[in-house]
Amino acid sequence: MVDLIRGLRAADIRANLAEARERIAATGRTPDEVEILTAVKYVAVQELPTLAEAGIELVGENRADALVEKMRAHPGLFRWDFIGALQSRRVPLIAPHVRMIHSLASQSALRRLAAQERADLRVLVEVNVASDPGKAGLLPEELDEFLASSPIAIEGLMTMPPLAADPEANRRHFAALRELAADHGLRELSMGTSQDFTVAVEEGATIVRLGSSLLRGRSAHRRAP
Ligand SMILES: *Cc1c(COP(=O)(O)O)cnc(C)c1O
């Protein structure tokens with residue numbers, strides 16, 4: 035388990051957010067076409083108000099128990115999305131609280147979701163576009179049948195491509211996700227992290243998920259932890 039980040043400064047995060055927005059605008063997409071979600075898995079629960087102070091409204095968590103703990107500690111502070119590996123037995127825990135689930139990837143979780151009384155819950159399917167054995171998500175060839183069998187509406191696709199030294203290496207994976215979504219008439223594309231979000235935006239991302247690049251310290255006078 036990695037250490038949680040402490041000693042965040044709102045001014046740093048605000049500047050990081052402005053820079054991310056500028057980089058998105060530089061691709062030619064307009065800021066309201068691309069939502070920025072802040073991934074908070076490395077942020078300690080008591081640091082979350084600093085994110086809100088910096089203007090962050092939409093956050094994503096990877097673990098169901100962490101999501102519920104953080105959300106309950108700060109009710110109403112953010113809108114919450116779930117972006118981690120979705121275990122079917124955890125679906126009832128998070129479904130009442132989240133805006134969107136990005137990472138549906140199993141029939142068992144789909145059945146649990148369909149049983150939730152949340153008509154407004156938005157759901158994306160995670161696809162392992164690189165067919166990387168170490169990665170979560172449906173394989174591209176499994177998507178057709180999964181969508182056809184789904185009793186609930188699916189709004190889009192999400193992917194988490196391999197770590198790459200050069201963000202250009204992931205362009206073909208983002209393009210592949212965009213094509214899969216277009217083939218199935220799906221609108222939302224959750225793709226791109228700190229390392230490669232500008233490439234993802236160029237390839238059509240509608241939501242980028244940023245962690246480290248928004249949380250980094252910028253000033254020389256960073257408070258000691
Ligand atoms: C941590 C995480 C991110 C953000 O990654 P960074 O490299 O910190 O920007 C995005 N998506 C998922 C699913 C994550 O777990």
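The sequence shown lines up with residues 35 to 259 when you count with the working numbering. All C-beta atoms in this analysis are idealised placements derived from N, C-alpha and C, irrespective of residue type, glycine included.
Residue i CB to nearest heavy atom of ligand 1 below 6 Å
| i | result |
| --- | --- |
| alanine 60 | no |
| isoleucine 90 | no |
| serine 246 | yes |
| asparagine 96 | yes |
| serine 7 | Limits of the chain in this structure are 35 at one end and 259 at the other, which puts residue 7 out of reach. |
| threonine 72 | no |
| arginine 243 | yes |
| threonine 227 | yes |
| isoleucine 47 | no |
Exposure of residue i, with buried meaning 16 or more beta-carbon neighbours within 10 Å
| i | result |
| --- | --- |
| glutamine 229 | buried |
| serine 246 | exposed |
| glycine 190 | buried |
| leucine 173 | exposed |
| arginine 212 | buried |
C-alpha distance - residue i paired with residue j, whole-angstrom precision
| i | j | result |
| --- | --- | --- |
| asparagine 162 | arginine 252 | 34 Å |
| lysine 75 | glycine 219 | 31 Å |
| glutamate 103 | phenylalanine 231 | 28 Å |
| valine 125 | valine 132 | 10 Å |
| leucine 147 | isoleucine 128 | 10 Å |
| alanine 78 | alanine 100 | 10 Å |
| methionine 194 | glycine 226 | 8 Å |
| glycine 94 | alanine 73 | 5 Å |
| arginine 57 | glycine 41 | 26 Å |
| valine 51 | phenylalanine 112 | Checking the displayed sequence, the identity of residue 51 turns out to be leucine instead of valine. Their Cα atoms are separated by approximately 16 Å. |
| arginine 152 | proline 130 | 7 Å |
Beta-bridge pairing of residue i - partner residues as DSSP gives them
| i | result |
| --- | --- |
| aspartate 154 | Answer is none; aspartate 154 lacks a bridge partner. |
| leucine 191 | Val159, Leu223 |
| alanine 44 | Paired residue(s): none; alanine 44 is not in a bridge. |
| glycine 94 | Ala73, Asp115 |
Distance between beta carbons of residue j and residue i, contact taken as under 8 Å
| i | j | result |
| --- | --- | --- |
| leucine 71 | valine 242 | 7 Å |
| alanine 143 | leucine 158 | Rounded, the Cβ-Cβ distance is 12 Å, inconsistent with contact. |
| asparagine 204 | alanine 210 | At roughly 10 Å, the Cβ-Cβ gap does not stay under 8 Å, so asparagine 204 and alanine 210 are not in contact. |
| alanine 88 | alanine 139 | No, alanine 88 and alanine 139 are not in contact; Cβ-Cβ is about 32 Å, not under 8 Å. |
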